[in-house]
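Peer 1: The following block contains the structure, expressed as structure tokens.
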Amino acid sequence: MALRVGRLAMVLTLGLALAACSTLRLGYSQGPNLTYWWLDSHVDFDNGQSARVREDIDGLFAWHHSSELPAYADLLRRWQRMAPQDLTASQACGEFGTVRARFNAVLERSVEPLARLALQLSPAQLDHLERHHRKSNQTFEKHFLQGSPEQRLDRRLERAIERYERLYGPLTPAQQVLVREQLQRSPWDPLRTQAERERRQADQLQTVRRAQATPSAAAQAVRDLMVRITTSPTPGYNAYNQQMVQSGCAQFANLHNSTTPAQRAHAVQTLQAYQDDLRALAGAL
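So in our numbering, spot 135 of the sequence shown is number 135, and the numbers just go up one at a time.
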């Protein structure tokens, strides 16, 4: 659904760091089509909506290509210079703040197209979105709430190691133990996170209905929703979220500082490959 804008923006903003180099160019060039089908899975577009939605997505990607890819290239160059050195949690959080600024730029650019789409959604499509939310919540529960604490930790560990190894190559047994210990100390609370997810889902539906009731204020309704995505109205949640950010920065810095020269060289090569793909994208799209 279009108003799941936080995830859409994060896909655009952080996808570089998660994709294999060999698939980055293909994935980005197919981005408009993939984004359309991702949104369609949320609300089931009808034939009358598809053309305008595709036009808006194409416009967003054209802007992203011309305005954001150069910023990503700058980030990758800086990260290559940083990779051979030890890293503090404060430095890691500084880089996270830079990425978050890019995320916010995508949010702002998405306001008008999302407002247009909100005005077009039918009651049946909102019902479709609610069903999608329920399925998403069941998946979250399966991955993060089911099983013993040890089983849940093992699943988180598997995902964390996979992410780190994309950058550094294989982790040593000692590094895997370090990652596990850090996850055990993490303030992350899946029940609290799920409750916030459900709040946002309800907020999205209410925002669509509010926009449809007052079409002239639709864009402002979407912009207000984005504020509530990045700054939750739930008492205590923003402090919890900041704890999570600081914990994540410390976890990354500690793991990075445990890496060998060979692993750091692998990270530089990985980042350089991303940068090469960005250069090719800038020339090809």
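For every residue, glycine included, the Cβ atom is placed at its ideal position computed from N, Cα and C.
#1: DSSP state of residue 45, grouped into three classes?
#2: Taking 8 Å as the threshold, find out whether the region 124–144 comes into contact with the region 174–186 through three or more Cβ pairs.
#3: With respect to the alpha helix (DSSP H) encompassing residue 189, which residues constitute its N-terminal and C-terminal limits?
#4: What are the uninterrupted segments assigned as alpha helix (DSSP H) that are 4 or more residues long and contained completely in the region 81–154, given in chain order?
#5: Of the residues 255, 188 and 169, which one's Cα is nearest the Cα of residue 89?
#6: I'd like to know if the region 76–95 and the region 257–276 are in contact, where contact means that at least 3 CB-CB pairs between them fall below 8 Å.
#7: Any Cβ of chain C within less than 8 Å of the Cβ of residue 40?
#8: Would you check if the distance between the CB atom of residue 106 and the CB atom of residue 223 is smaller than 8 Å?
#9: Under the three-state reduction of DSSP, which class applies to residue 248: helix, strand or coil?
#10: Report the three-state DSSP secondary structure of residue 236 (helix, strand or coil).
#11: Quick check on the burial criterion: 16 or more other C-beta atoms within 10 angstroms. Buried or exposed for residue 159?
#12: When the Cβ atoms of the region 46–58 are set against those of the region 217–236, are three or more pairs found closer than 8 Å?
#13: Output needed for residue 228: all residues of its chain with C-beta closer than 7 Å, excluding positions within five of it in sequence on either side, in chain order.
#14: Keeping to the same chain, check which residues put their C-beta closer than 8 Å to that of residue 179; ignore five residues upstream and five downstream.
#15: Which residues mark the beginning and the end of the alpha helix (DSSP H) in which residue 225 is found?
#16: Measure the C-alpha to C-alpha separation of residue 199 and residue 35 and round it to an integer number of angstroms.
#17: Is it right to say residue 214 is buried, meaning 16 or more other beta carbons lie within 10 angstroms of its own, or is it exposed?
#18: Assign residue 81 to one of two classes, buried (16 or more other C-beta atoms within 10 Å of its C-beta) or exposed (fewer than that).
#19: Quick check on the burial criterion: 16 or more other C-beta atoms within 10 angstroms. Buried or exposed for residue 74?
#20: What number of angstroms, rounded off, separates the C-alpha of residue 32 from the C-alpha of residue 277?
#21: Taking its Cβ as the centre, do 16 or more other Cβ atoms sit within 10 Å of residue 138, making it buried, or is it exposed?
#22: Please list, in chain order, all residues of the same chain as residue 238 whose beta carbon is under 7 Å from its beta carbon, the five residues on each side excluded.
#23: By how many angstroms is the C-alpha of residue 63 removed from the C-alpha of residue 185?
#24: Pop quiz: residue 266 and residue 147 are said to be a contact at Cβ under 8 Å. What is the actual Cβ separation, rounded to whole angstroms?
#25: Assuming the contact rule is C-beta atoms closer than 8 Å, residue 275 and residue 76 should be a hit. Round their C-beta distance to whole Å, please.
#26: Mark residue 79 as exposed unless 16 or more other C-beta atoms lie within 10 angstroms of its C-beta, in which case mark it buried.
Peer 2: Looking at the atomic coordinates:
#1: Residue 45 carries a coil assignment under DSSP once its states are collapsed to helix, strand and coil.
#2: In this structure the region 124–144 does not lie against the region 174–186, because fewer than three pairs of beta carbons, one per stretch, are closer than 8 Å.
#3: If you look at residue 189, you'll find it isn't in any alpha helix (DSSP H); DSSP assigns it neither H nor E.
#4: Segments of the alpha helix (DSSP H) lying fully in the region 81–154: 89–120 and 123–144.
#5: Out of 255, 188 and 169, 255 has the C-alpha closest to the C-alpha of residue 89.
#6: Taking one beta carbon from each stretch, the region 76–95 and the region 257–276 have 3 or more pairs nearer than 8 Å; the two touch.
#7: No chain C appears in the structure shown, which is made up of a single protein chain.
#8: Their beta carbons are not under 8 Å apart, which means residue 106 does not touch residue 223 by this criterion.
#9: Three-state DSSP puts residue 248 in a helix.
#10: DSSP places residue 236 in coil when its eight states are reduced to three.
#11: If you draw a 10 Å sphere on the C-beta of residue 159, you find fewer than 16 other C-beta atoms in it, and that means exposed.
#12: In this structure the region 46–58 does not touch the region 217–236; the number of beta carbon pairs closer than 8 Å is below three.
#13: Take residue 228, set aside five residues on each side of it, and the residues of its chain with a beta-carbon closer than 7 Å to its own are 203, in chain order.
#14: Correct list, in chain order: 157, 160, 161, 164, 171, 251 and 255.
#15: 218–230 is the extent of the alpha helix (DSSP H) around residue 225.
#16: Using only the alpha carbons, I get a separation of about 24 Å.
#17: Classification for residue 214: exposed.
#18: So residue 81 ends up on the exposed side.
#19: By the Cβ neighbour-count rule, residue 74 is exposed, with fewer than 16 other Cβ atoms within 10 Å of its own.
#20: Cα-Cα distance, rounded: 18 Å.
#21: Exposed: under 16 other Cβ atoms inside 10 Å.
#22: Cβ contact annotation for residue 238 (same chain, cutoff 7 Å, sequence separation greater than five): 231 and 232, in chain order.
#23: Using only the alpha carbons, I get a separation of about 41 Å.
#24: Their Cβ separation, rounded to whole angstroms, is 33 Å, which puts residue 266 and residue 147 out of contact at 8 Å.
#25: With 8 Å as the limit, residue 275 and residue 76 qualify as a contact, their Cβ atoms being about 4 Å apart.
#26: Burial is judged here by how many other beta carbons sit within 10 angstroms of a residue's own beta carbon; residue 79 has at least 16 and is buried.
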